[in-house]
DNA sequence: TAGAAACTACCAAACGTTTGGTAGGCCACA
DNA sequence: TGTGGCCTACCAAACGTTTGGTAGTTTCTA
């Protein structure tokens, strides 16, 4: 919660927690696992944190803010809706590619947070979903997009983007930017060929 | 694994496990929790199962087969690719709406399976992903769809469909069929308005 | 009267967390 | 230039509880 400068061992611990929580899940990762990962004794972890759940919160909070920081400027810009949406997808996938494990933990371990913290996190998530819904809304309002339910469409797009973290492999032939282009084309132009546009 | 007719209490146990595993996660659900949910003592659970993991496997296996049984006939039919894709999305969302908890467990708890069982499940998942990729491939091949990478598009569509389980609420104003229509419109026609088709 | 269904009692291990303590570095003060 | 006080970093051991699972026995029911 309180910023405390850079504490190397604490960062190392967080990094180990991200990896283990993604691999085994929060509840199946023991303090023993975490201690071994950073090379200290189980009890010594409490020199750095007050409780196991603090690690989970820090990871999820950080991940959520990465997404908000990446997409909020895009949503606030003055480009056409289609261009905003394209850039938002690109921004999301870029974060997702660089911080895959964090984002998987964010999505999967919401249920492992305490009620208070879960509510705070859900509020941030709602804000994030609102960005995508808002861009679709804007496109529909200005007539750039066809009539569509912005909430449903926003969730569909965000779903595809969120799922990306579960299958993307950086060692594959396509980059996150490649996938972002393919995604945006799909959402904006659709699959069905139309001779009047994009000519082939 | 071996089919054994209908065993009411065993079904009750499975149903309780689905609910608890979705709510709290597999590792945070104890045998005590399960026993209380079906009104027997902890040790008595082992009259119905050999190990806790059997419950997880049965749930995931059942969920995966529901999806395959729903979509495989669609993919094997002789309709145009766009129509197949529309029906596949409809079929997936129908299963997802009726068996939400099962599908969430299927997606979230893969990591909690033993290595052997996880591999078997991944094989089934690959088969399922192949159905969607195949439909896109077909559309591109026949020229019904524009040029696109079938694997990427298949995963994007499936991602949106899989994410559906995390936010769909049956008590909401829109049915799974409504969402399926909106999803299919998005994937097939895209968002950007085109005067030459669907005229408005 | 056999088998299914459930009980009680128990196990060894693991859990997250707390405790009391130590080693070494830094800094003010005499 | 020592030295006492405080800090960070960590250890080893123990805390009480819970874990998944087993064994042997009793109760219900067809």
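Residue numbers (the numbering used here), protein chains in the order written: chain A, 1490 to 1689; chain B, 1490 to 1689. Yeah, the Cβ is synthetic: ideal placement off N, Cα and C, and Gly gets one too.
**OP:** Pull up the DSSP beta-bridge partners for residue 1681 of chain B, would you.
**Re:** A:1634.
Subject >> Span separating the alpha-carbon of residue 1519 of chain A from that of residue 1597 of chain A >> reply: Each residue's Cα considered, the two are about 17 Å apart.
Subject >> Beta carbon of residue 1679 of chain A nearer than 7 Å to that of residue 1679 of chain B >> reply: The Cβ atoms of residue 1679 of chain A and residue 1679 of chain B lie closer than 7 Å to each other.
Subject >> 6 Å CB neighbourhood of residue 1628 of chain A in its chain, flanking five on each side removed >> reply: Closer than 6 Å at Cβ, skipping near neighbours: 1570 and 1634.
Subject >> Near-chain B residues of the region 1660-1674 of chain A (beta-carbon distance less than 9 Å), N- to C-terminal order >> reply: Per Cβ criterion, the list reads 1663, 1667, 1668, 1671, 1672 and 1674.
Subject >> Start-to-end residues for the alpha helix (DSSP H) that takes in residue 1541 of chain B >> reply: Counting along the chain, the alpha helix (DSSP H) containing residue 1541 of chain B begins and ends at 1541-1565.
Subject >> residue 1545 of chain A CB to nearest heavy atom of the ligand ADP below 6 Å >> reply: Of ligands this structure carries none, so the ligand ADP is not represented either.
Original post:
From what residue to what residue does the alpha helix (DSSP H) around residue 1509 of chain A run?
Top reply: DSSP places residue 1509 of chain A in the uninterrupted alpha helix (DSSP H) bounded by 1497-1513.
Original post:
Out of curiosity, what's the CA-to-CA distance linking residue 1682 of chain B and residue 1667 of chain B?
Top reply: Their backbone Cα atoms lie some 21 Å apart in a straight line.
Original post:
For residue 1535 of chain B, is the classification buried or exposed, using 16 other Cβ atoms within 10 angstroms of its Cβ as the cut-off for buried?
Top reply: It counts as exposed.
**OP:** Would you please state the rounded distance, in angstroms, between the beta carbons of residue 1672 of chain B and residue 1593 of chain B? I believe it to be under 8 Å.
**Re:** Contact flag wrong, Cβ pair sits at about 18 Å.
Original post:
Residue range of the alpha helix (DSSP H) that residue 1598 of chain B falls in?
Top reply: DSSP places residue 1598 of chain B in no alpha helix (DSSP H); its state is neither H nor E.
Original post:
Are the C-beta atoms of residue 1523 of chain A and some chain B residue less than 7 Å apart?
Top reply: Chain B contact via Cβ: absent.
Subject >> Contact list for residue 1546 of chain B against chain A, beta-carbon separation under 7 Å >> reply: Within chain A, no residue comes near residue 1546 of chain B; the closest Cβ sits about 16 Å away, beyond 7 Å.
Subject >> Neighbour flag for residue 1645 of chain B against chain A, beta carbons, 7 Å >> reply: With its beta carbon less than 7 Å from one in chain A, residue 1645 of chain B belongs to the interface.
**OP:** Under 8 Å between beta-carbons, which chain A residues line up against residue 1512 of chain B? List them in chain order, please.
**Re:** Residues of chain A passing the Cβ test: 1600.
Original post:
Any beta-carbon of chain B closer than 7 Å to the one on residue 1677 of chain A?
Top reply: With 7 Å as the cut-off, residue 1677 of chain A counts as an interface residue toward chain B.
Original post:
Hey, is residue 1516 of chain B's beta-carbon within less than 7 Å of any beta-carbon in chain A?
Top reply: Yes, residue 1516 of chain B counts as interfacial toward chain A.
**OP:** Using alpha carbons as the reference points, say which of B:1499, B:1603, B:1505 and B:1591 lies closest to residue 1542 of chain B.
**Re:** Comparing Cα positions, the closest option is B:1603.
Subject >> Beta-carbon contacts of residue 1649 of chain A that lie in its chain and below 7 Å, excluding the five residues immediately before and after >> reply: Within the same chain, residue 1649 of chain A has close Cβ partners 1672.
**OP:** With 7 Å as the C-beta to C-beta threshold (strictly closer), list the residues of the region 1561-1580 of chain A near chain B in chain order.
**Re:** Within the region 1561-1580 of chain A, the qualifying residues are 1571.
**OP:** Spell out whether any CB of chain A is found under 7 Å from the CB atom of residue 1641 of chain B.
**Re:** Yes, residue 1641 of chain B counts as interfacial toward chain A.
**OP:** Keeping to the same chain, check which residues put their C-beta closer than 6 Å to that of residue 1531 of chain B; ignore five residues upstream and five downstream.
**Re:** Only 1520, 1521 and 1524 meet the Cβ criterion.
**OP:** Determine the extent of the alpha helix (DSSP H) in which residue 1521 of chain B is found, giving its start and end residues.
**Re:** Element bounds for residue 1521 of chain B: 1520-1527.
**OP:** Determine the burial state of residue 1498 of chain A: buried for a count of at least 16 other Cβ atoms within 10 Å of its Cβ, exposed for fewer.
**Re:** Taking all protein chains shown into account, residue 1498 of chain A has fewer than 16 neighbouring C-beta atoms within 10 Å of its C-beta and is therefore exposed.
Subject >> Contacts of residue 1632 of chain A in chain B (Cβ-Cβ under 8 Å) >> reply: Within 8 Å Cβ-Cβ: 1682.
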